[in-house]
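Residue numbers (the numbering used here), protein chains in the order written: chain A, 11 to 372; chain B, 207 to 366; chain C, 5 to 379.
Glycine included, each C-beta is placed from N, C-alpha and C at the ideal position.
In what follows, a structure is listed as structure tokens, so that the remarks can point back to it.
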Ligand code: SF4
Ligand code: SF4
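As structure tokens, then:
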């Protein structure tokens with residue numbers, strides 16, 4: 011195994027020891043937290059900006075267009091220009107809106123996605139915190155976002171926003187179930203909820219290959235339901251711009267709107283990284299047991315690149331969904347979940363449990 | 207049993223129809239040569255409008271700064287929305303007869319609907335379509351144009 | 005503290021609230037205002053308020069001579085500008101009993117059909133967008149651009165052409181016209197498959213449209229719903245077939261009638277119609293006879309005193325032009341029976357009890373163009 015050059019564990023320990031040697035343990039922890047917070051914040055902003063750009067380019071290519079190409083080479087700085095524009099825009103105060111909740115909602119959404127990022131391992135040893143119940147934590151935290159959406163819709167005092175918020179309430183709460191259950195399928199296979207252990211478990215083959223049919227079904231279900239959970243097309247009923255103008259964020263402007271916008275993309279990034287970590291091996295390189303030469307070549311690619319590559323692949327699939335399908339109607343959305351995804355999921359868990367019991371997985 | 211069968215065939219057909227759709231967008235994603243966008247300000251050099259393109263109404267002048275307009279004012283009456291104003295002048299000819307010539311042929315581009323009636327109705331073919339289409343200006347007054355160039359005169363054989 | 009006003013709460017079941025869809029709303033395709041009365045997400049009733057883009061075209065026509073009216077009818081249903089103009093030209097020719105050359109009839113028919121395809125392509129774009137599939141919009145526009153290029157080459161403009169004039173055409177077609185049309189048919193026969201793959205066959209789209217927004221045949225007739233929307237309900241109302249003008253009697257095409265009358269059927273009607281139009285084009289394009297591009301007309305066209313009516317099949321339904329003339333060079337009164345206005349009138353009837361999302365889809369399938377409703 012050739013991990014050592016890309017292993018961050020010793021690096022982290024070294025920083026920790028250094029800080030502890032110069033200050034008291036309390037301050038050492040505090041400084042570490044600040045460093046991690048800043049690092050994640052930076053990462054968050056960069057990924058958010060890049061994803062907005064990527065989405066535009068991807069949709070442009072799917073639609074026979076060239077997409078943004080004015081600001082910087084290939085329009086690379088377009089989103090930065092847009093961000094500056096959104097910062098400078100007026101924050102419109104809505105009469106009769108509940109000011110406190112109205113201003114709070116964007117932060118709730120963004121904090122929820124911010125918290126979820128903490129548990130995701132980007133490379134060996136490169137994660138803010140490694141819970142033994144990592145998956146449970148991520149599911150729990152990412153479902154906080156719906157509170158923000160509901161508050162945004164309710165406090166704007168606009169009917170369009172309220173309809174959007176109500177839709178997304180119904181939507182996210184039901185799809186949470188499928189997300190959880192499809193991850194449960196893999197937890198059965200992996201035998202752990204800890205992200206680092208899940209990734210280590212895929213050293214000799216990703217779970218989507220190891221668990222073959224049930225894992226694949228779980229992956230598809232996860233993709234569908236996580237697209238729905240992040241309110242992206244074809245499940246973007248909460249925004250549904252042709253019906254509700256902009257749904258729950260109709261009344262927001264300027265930087266508050268930008269928060270919603272950024273949070274949408276970050277949520278997409280988070281679910282994609284969960285998909286990549288749980289199903290596609292996270293930062294683990296692609297290994298075929300027996301082909302040692304091949305495996306060594308694969309190990310030379312840094313784990314972080316593997317992780318980012320897989321995540322963007324999943325994101326690309328989600329974009330592909332969005333730019334192909336028309337939007338569902340609210341009752342069809344719930345039918346899809348309760349009549350199709352949920353039963354399939356439950357049966358799938360049974361099958362997976364059976365497969366694991368019999369040792370039929372690889 | 208039958209209902210279970212329909213349940214699964216339904217899913218199968220649904221997934222198939224979704225995949226057909228994804229095939230279309232996926233195919234275009236991987237065929238960038240099908241991109242149809244015209245990169246406008248960059249291709250300005252090579253951009254050629256069709257020769258019938260209706261950009262604006264112009265009055266062609268020849269090399270001697272001569273045009274064909276007699277100042278009859280027919281285009282003014284033909285125009286449905288008053289985009290053309292013809293201001294005439296009377297000059298005394300050497301033989302003592304008074305003759306009507308054009309003083310100013312005023313064309314309000316801002317009001318023109320590009321119907322082409324003025325060009326069609328002009329008895330001496332003095333007007334034509336110009337291919338210029340970049341009409342954006344900062345001052346509305348710039349859209350009012352005088353079509354006969356300063357110092358221009360009427361072509362000899364039309365005048366007779 | 006704000007004062008709390010206790011409104012008398014009626015029976016909760018009856019609680020309705022209103023939202024204004026429009027005048028600025030992404031799905032009304034312009035400045036139409038729908039006051040929708042909702043219960044939860046269910047539409048209880050709705051009231052269209054039109055007039056936001058009323059320009060008084062009928063009144064303006066009264067001061068214009070007949071050749072000048074053309075530039076106004078262009079701007080009614082701007083997506084089928086040629087067809088609107090055709091109606092006025094036919095009316096004037098009928099009143100004056102002018103025989104237009106065969107060549108003019110052929111060209112007009114071909115251009116009308118091209119215009120119909122272009123209009124349906126744009127409808128497909130915006131319908132896809134109403135359903136939430138944004139990619140449709142670009143595919144439709146991409147193919148429509150090909151037609152607009154043909155138009156631009158021959159008539160100089162892309163949307164508002166003012167190409168027909170009473171008695172004939174403004175100018176002859178461009179020498180490349182025939183080749184352009186043939187190339188377009190070859191191109192579009194391939195690309196229309198994308199439309200089917202992307203939207204027609206899509207399960208989401210089918211579930212959302214089938215059985216939604218049904219107009220029965222009786223309702224279609226009594227509301228005057230014409231065009232593809234009327235034919236989806238089984239109302240045989242194709243003016244091209246039943247009162248042929250141009251050279252439609254020489255072309256072999258089918259009037260396809262639907263049965264269900266729902267949103268999906270209205271969608272399919274237009275998809276069929278694009279294919280039928282291509283068939284008409286294929287039959288006519290090679291047979292344009294030589295000849296003049298305009299009949300000899302008097303310099304000042306005066307219609308004899310009396311009343312005249314002419315109808316044509318515009319892309320959205322039956323367009324009627326009614327003129328009262330007092331023998332002057334301008335009409336005494338001009339009235340348009342615009343297809344969109346009648347189609348819109350059925351919207352309240354068909355959208356009761358559907359969800360907001362369906363209302364948007366129904367609106368898309370009726371394909372209203374607001375400037376034609378308001379005129
Ligand atoms: S442009 Fe033609 S119609 Fe107009 S005034 Fe001159 S000669 Fe007469
Ligand atoms: S093109 Fe039509 S509107 Fe424009 S100036 Fe000529 S007659 Fe008037």
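Does any C-beta atom of chain A lie closer than 8 Å to the C-beta of residue i?
i: residue 266 of chain B; result: no
i: residue 292 of chain B; result: no
i: residue 392 of chain C; result: Here chain C has residues from 5 to 379 only, and residue 392 of chain C is not among them.
i: residue 134 of chain C; result: yes
i: residue 308 of chain B; result: no
i: residue 31 of chain C; result: yes
i: residue 270 of chain C; result: no
i: residue 361 of chain C; result: yes
Determine, for residue i, whether the minimum Cβ-Cβ distance to residues of chain B falls below 8 Å.
i: residue 335 of chain A; result: yes
i: residue 16 of chain C; result: Confidence at residue 16 of chain C is low in this model, with a pLDDT of 46, below 50, so its placement is unreliable and the value that follows should be read with caution. With 8 Å as the cut-off, residue 16 of chain C does not count as an interface residue toward chain B.
i: residue 174 of chain C; result: yes
i: residue 201 of chain C; result: yes
i: residue 368 of chain C; result: no
i: residue 350 of chain A; result: yes
i: residue 5 of chain C; result: Residue placement at residue 5 of chain C is poorly supported in this model, since its pLDDT is 46, which falls under 50; the coordinates still yield a value, given next. Residue 5 of chain C does not count as touching chain B.
i: residue 157 of chain C; result: yes
i: residue 376 of chain C; result: no
i: residue 13 of chain C; result: Summary for residue 13 of chain C: the model assigns pLDDT 49, below 50, so the residue's position carries little reliability, and this model does not support an answer.
Pick from the options: whose alpha carbon is nearest that of residue i?
i: residue 243 of chain A; options: A:331, A:358 and A:34; result: A:331
i: residue 194 of chain A; options: A:369, A:361 and A:306; result: A:361
i: residue 145 of chain A; options: A:202, A:343 and A:240; result: A:202
i: residue 85 of chain A; options: A:66, A:222 and A:51; result: A:66
i: residue 359 of chain A; options: A:197, A:132, A:133 and A:339; result: A:197
i: residue 245 of chain C; options: C:238, C:256 and C:237; result: C:256
i: residue 353 of chain B; options: B:234, B:215 and B:292; result: B:292
i: residue 50 of chain C; options: C:355, C:242, C:320 and C:240; result: C:355
i: residue 352 of chain A; options: A:190, A:273 and A:205; result: A:190
i: residue 53 of chain C; options: C:23, C:143, C:273 and C:79; result: C:23
i: residue 318 of chain C; options: C:290, C:376, C:306 and C:263; result: C:376
i: residue 128 of chain C; options: C:271, C:337 and C:304; result: C:271
i: residue 236 of chain B; options: A:217, A:71, A:46 and A:125; result: A:71
Beta-carbon of residue i versus every beta-carbon of chain C: anything under 8 Å?
i: residue 354 of chain A; result: no
i: residue 163 of chain A; result: no
i: residue 256 of chain B; result: yes
i: residue 179 of chain A; result: no
i: residue 231 of chain B; result: yes
i: residue 252 of chain A; result: yes
i: residue 255 of chain A; result: yes
If residue i sits next to residue j, beta carbons under 8 Å apart, how far is it from one beta carbon to the other, in whole angstroms?
i: residue 31 of chain C; j: residue 364 of chain C; result: 4 Å
i: residue 110 of chain C; j: residue 292 of chain C; result: 5 Å
i: residue 184 of chain A; j: residue 344 of chain A; result: 6 Å
i: residue 423 of chain C; j: residue 265 of chain C; result: Nothing about residue 423 of chain C can be read from this structure; chain C reaches only from 5 to 379.
i: residue 360 of chain C; j: residue 45 of chain C; result: 5 Å
i: residue 106 of chain C; j: residue 250 of chain C; result: The pair is not a contact, with the Cβ atoms about 10 Å apart (cut-off 8 Å).
Quick one, which residues of the segment 56 to 76 of chain A are near chain B if we go by CB-CB under 8 Å, in chain order? Listed by position, the residues of the segment 56 to 76 of chain A near chain B (Cβ gap below 8 Å) are 68, 71, 72, 73, 74, 75 and 76.
The segment 161 to 178 of chain A in contact with the segment 103 to 117 of chain A per 3-pair CB rule at 8 Å: With a cut-off of 8 Å on Cβ pairs, the segment 161 to 178 of chain A is in contact with the segment 103 to 117 of chain A, counting three or more such pairs.
Closer than 9 Å, Cβ to any Cβ of chain A: which residues of the segment 331 to 360 of chain B, in chain order? Against chain A - using a Cβ distance shorter than 9 Å - the segment 331 to 360 of chain B contributes no residues.
Taking only beta carbons into account, state which residues of the segment 319 to 330 of chain A come closer than 8 Å to chain B, listed in chain order. Those residues of the segment 319 to 330 of chain A that come within reach of chain B (Cβ to Cβ, closer than 8 Å) are 330.
Any C-beta of chain A within less than 8 Å: which residues of the segment 53 to 76 of chain C qualify? Answer set for the segment 53 to 76 of chain C: empty.
For the segment 233 to 247 of chain B, which residues have a beta carbon sitting closer than 7 Å to at least one beta carbon of chain A? So the close ones are 234, 235, 238, 240, 241, 242 and 243.
Scan the segment 178 to 207 of chain C for residues whose Cβ lies nearer than 8 Å to a Cβ of chain B and list them as they occur along the chain. Under the 8 Å Cβ criterion, the segment 178 to 207 of chain C contributes 178, 198, 201, 202, 203, 205, 206 and 207.
Report yes or no: do the segment 322 to 341 of chain C and the segment 75 to 92 of chain C share at least 3 C-beta pairs separated by less than 8 Å? Touching, yes.
So does the segment 144 to 157 of chain C actually touch the segment 57 to 76 of chain C, counting three or more Cβ pairs closer than 8 Å? Counting C-beta pairs with one atom in each stretch, the segment 144 to 157 of chain C and the segment 57 to 76 of chain C have fewer than three that are closer than 8 Å, which means they do not touch.
Please determine if the segment 127 to 144 of chain A and the segment 198 to 218 of chain A are in contact, where contact requires at least 3 C-beta pairs separated by less than 8 Å. In short, these stretches touch, since the Cβ pair count reaches three.
Check distances from the C-beta atoms of the segment 214 to 229 of chain B to those of chain C and list, in chain order, the residues that come in under 8 Å. Closer than 8 Å at the C-beta level to chain C, one finds these residues of the segment 214 to 229 of chain B: 219, 220, 223, 224, 226, 227 and 229.
Output needed in chain order: residues of the segment 220 to 247 of chain A with a Cβ under 9 Å from some Cβ in chain C. Within the segment 220 to 247 of chain A, those residues whose Cβ lies closer than 9 Å to any Cβ of chain C are, in chain order, 243, 244, 246 and 247.
For the segment 337 to 351 of chain C against the segment 177 to 189 of chain C, do three or more pairs of beta-carbon atoms, one drawn from each stretch, fall closer than 8 Å, so that the two count as touching? Contact fails: fewer than three Cβ-Cβ distances are below 8 Å.
Contacting positions in the segment 338 to 349 of chain A - beta carbon closer than 8 Å to chain C: Those would be 338, 339, 340, 341 and 342, in chain order.
Using a Cβ-Cβ cut-off of less than 7 Å, list which residues of the segment 330 to 349 of chain C approach chain B; keep chain order. Taking a C-beta cut-off of 7 Å against chain B, none of the residues of the segment 330 to 349 of chain C qualify.
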